[in-house]
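Only one structure is covered here, and it is reproduced in the block below.
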Amino acid sequence: MTVIGQPYEVGPIRPPSEAGSLLVRATRNCPWNKCEFCPTYKGTRFERRPIEEILKDIDEAAEFHGDIYRTAFIQDANSLVMKTGDLVRVLSRLKEKFPSVQRVTSYARARTVARKSVAELRELHEAGLSRLHIGLESGYDPLLEYMKKGVTSDLVVSGGEKVVDSGISLSFYVVLGLGGRLRLEGEETWRNHALETARVLNEVNPHYIRVRTLTIRQGMPLQEKLENGEFEESSDAEKVREERQLIEELEVTSYFASDHSTNVLMDVRGQLPEDKASMLSVMDQYLALSEDEQVNFRLGTLFRYFGYEPNYGSFRDFLVPARKEAVAAVIEDLEEEQPGRSRQLVAELNRMLV
Ligand code: SF4
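The numbering used here puts the first residue of the sequence shown at 12, with every later residue one more than the last.
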């Protein structure tokens with residue numbers, strides 16, 4: 012929650028699951044900032060904030076809000092780049108000024124985490140750090156290299172295992188459709204992306220697996236590759252096929268979360284392995300749809316996101332004939348206006364998602 016007039020600094024983003032958290036900006040921007048698919052900090056420079064300034068922000072936040080928060084998120088892209096002792100001071104001050112905060116989380120890069128010892132991570136955990144959100148993106152090394160992620164799957168496994176060993180809860184982020192229709196090493200990338208990502212997840216067994224779907228927007232270096240034809244995005248059905256392959260391979264006890272509007276099927280979520288069969292079943296039902304029905308479903312879910320009627324809040328809504336017909340009527344009008352307009356609108360709305 013960002014409040015107008017608040018007397019302390021906040022950064023630009025936080026995970027969807029931290030929408031109600033107190034935001035504490037410990038560093039500014041991203042120290043890596045090279046990933047092809049990430050526009051968030053492009054054109055900015057990474058900065059460490061002086062520790063006294065961060066502590067003062069916490070004091071002022073406490074005075075401004077009072078002890079109203081239950082959760083806090085430490086910004087920006089990689090707070091673990093701070094010296095462990097400094098981060099411990101931030102966490103301790105948070106605990107002192109916001110005694111009701113039960114959960115403190117942060118983003119971190121796998122490379123940075125892998126450089127910390129388990130003892131250091133434990134120290135952070137004891138000081139109050141409850142969860143780390145780490146962008147795995149893919150476990151397929153050629154794709155990580157293509158996207159300039161700056162890590163290898165081995166490094167991600169090593170960093171991830173340390174986090175789990177330290178007692179900190181681990182959230183790994185995966186980008187569906189990241190390989191588009193690329194062929195790396197002479198093979199279809201989507202399949203290797205799914206298989207290798209599942210391999211890494213199986214090795215680490217993080218507490219949470221969170222998926223987002225690649226949506227190319229201005230500000231991403233990948234946009235240029237899309238425009239010059241080097242990169243081609245996969246279709247919704249191809250993305251779901253990839254997600255299906257990934258989930259089928261998983262042998263974890265993680266919670267699988269699909270809490271991002273870019274995802275085709277946000278209903279595909281649940282506790283693994285218990286909910287695996289029902290998750291696969293939703294994807295199978297979607298993959299059995301005709302192409303026109305898939306467009307109908309996507310348009311209806313995008314309408315929901317942008318507040319238009321009629322819309323779908325879930326795949327179950329789409330299975331209600333009256334709701335499907337209402338969206339079909341909108342599509343008919345669009346197509347009458349201009350053939351191909353409904354697919355075009357899906358692409359336009361997709362690019363507006365954040
Ligand atoms: S994805 Fe993460 S590490 Fe990569 S540039 Fe964006 S913020 Fe930095």
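Just so it is clear, CB atoms sit at the ideal spot from N, CA and C, and this is done for glycine as well.
With a threshold of 7 Å on Cβ separation, who are the neighbours of Lys250 within its own chain once the five nearest residues in sequence on each side are excluded? Cβ neighbours of Lys250 within its own chain (closer than 7 Å, five residues either side excluded): Leu187, Gly188, Thr224 and Val275.
My assumption, with CB atoms under 8 Å, is that Asp97 sits in contact with Arg36. Please give the rounded CB distance. Not really, about 14 Å apart at Cβ, beyond 8 Å.
Sorted by chain position, which residues of the same chain lie with C-beta nearer than 8 Å to Leu147's C-beta, five sequence neighbours on each side aside? Hits under 8 Å: Ala121, Val167, Gly171, Phe183, Tyr184, Val185, Thr208, Val211 and Leu212.
Write down every uninterrupted run of the alpha helix (DSSP H) in the segment 292-323 whose length is 4 residues or greater and which is fully enclosed by it, in chain order. Correct list: 302-317.
When the Cα atoms are used, what is the spatial distance from Val222 to Met277? C-alpha separation (whole angstroms): 9 Å.
For a test of the three-state rule: what should DSSP assign to Phe326, helix, strand or coil? Correct three-state label for Phe326: helix.
Considering only their Cβ atoms, is the gap separating Asp78 from Ser103 smaller than 7 Å? For Ser103 and Asp78, no; Cβs fall outside 7 Å.
Helix, strand or coil: how does DSSP classify Ser265 here? Correct three-state label for Ser265: coil.
Using DSSP's beta-bridge definition, name the partner residues of Glu359. In DSSP, Glu359 forms no bridge with anything.
Going by the beta-carbon positions, is the gap between Met294 and Arg255 smaller than 7 Å? A Cβ-Cβ contact shorter than 7 Å links Met294 with Arg255.
Can you list, in chain order, the residues of its chain whose CB lies under 8 Å from that of Phe9, leaving out five sequence neighbours each side? For the chain, the structure presents residues 12 to 365; residue 9 sits outside this window and is missing.
Phe317 burial status per 10 Å Cβ neighbour count (16 or more: buried): Classification for Phe317: exposed.
Hey, Ser289 and Arg280: beta-carbon distance below 7 Å or not? A distance of 7 Å or more separates the beta carbons of Ser289 and Arg280.
Among Ala248, Ile65 and Arg39, which one has its Cα closest to the Cα of Arg309? Check the Cα spacing between Arg309 and each of Ala248, Ile65 and Arg39: the tightest is with Ala248.
Taking Lys53 as the reference, give the member of Leu66, Pro23 and Ile258 with the closest Cα. The option with the nearest alpha carbon to Lys53 is Pro23.
Between Trp43 and ligand 1, is there a pair consisting of the residue's CB and a ligand heavy atom that are separated by less than 6 Å? Yes, the Cβ of Trp43 comes within 6 Å of a heavy atom of ligand 1.
Return yes when at least one heavy atom of ligand 1 lies under 6 Å from the C-beta of Gly146, else no. Under cutoff, so the answer is yes.
Tell me the rounded alpha-carbon separation between Leu195 and Pro153. Just so you know, the alpha carbons of Leu195 and Pro153 end up roughly 7 Å apart.
What does the alpha-carbon distance come out to for the pair Trp43 and Ile65? Trp43 and Ile65: Cα-Cα distance of roughly 22 Å.
Ala37: beta carbon under 6 Å from a heavy atom of ligand 1? No, the beta carbon of Ala37 sits no closer than 6 Å to any heavy atom of ligand 1.
Do the CB positions of Tyr1 and Gly311 come within less than 7 Å of each other? For the chain, the structure presents residues 12 to 365; residue 1 sits outside this window and is missing.
Would the beta-carbon of Ser90 fall within 7 Å of that of Arg114? No, the Cβ-Cβ distance between Ser90 and Arg114 is not below 7 Å.
When DSSP labels each residue in this structure, what does Thr163 get in the three-state scheme? Coil.
Please report how far the alpha carbon of Arg39 lies from the alpha carbon of Glu47, in whole angstroms. So the alpha carbons of these two residues sit roughly 20 Å apart.
From which residue to which residue does the beta strand (DSSP E) around Gly146 run? Counting along the chain, the unbroken beta strand (DSSP E) around Gly146 starts and ends at Leu140 to Glu148.
Express the C-alpha separation of Leu155 and Glu131 in angstroms, rounding to a whole number. About 27 Å.
If you draw a straight line from the C-alpha of Gly351 to the C-alpha of Arg362, how long is it? Approximately 17 Å between the Cα atoms of the pair.
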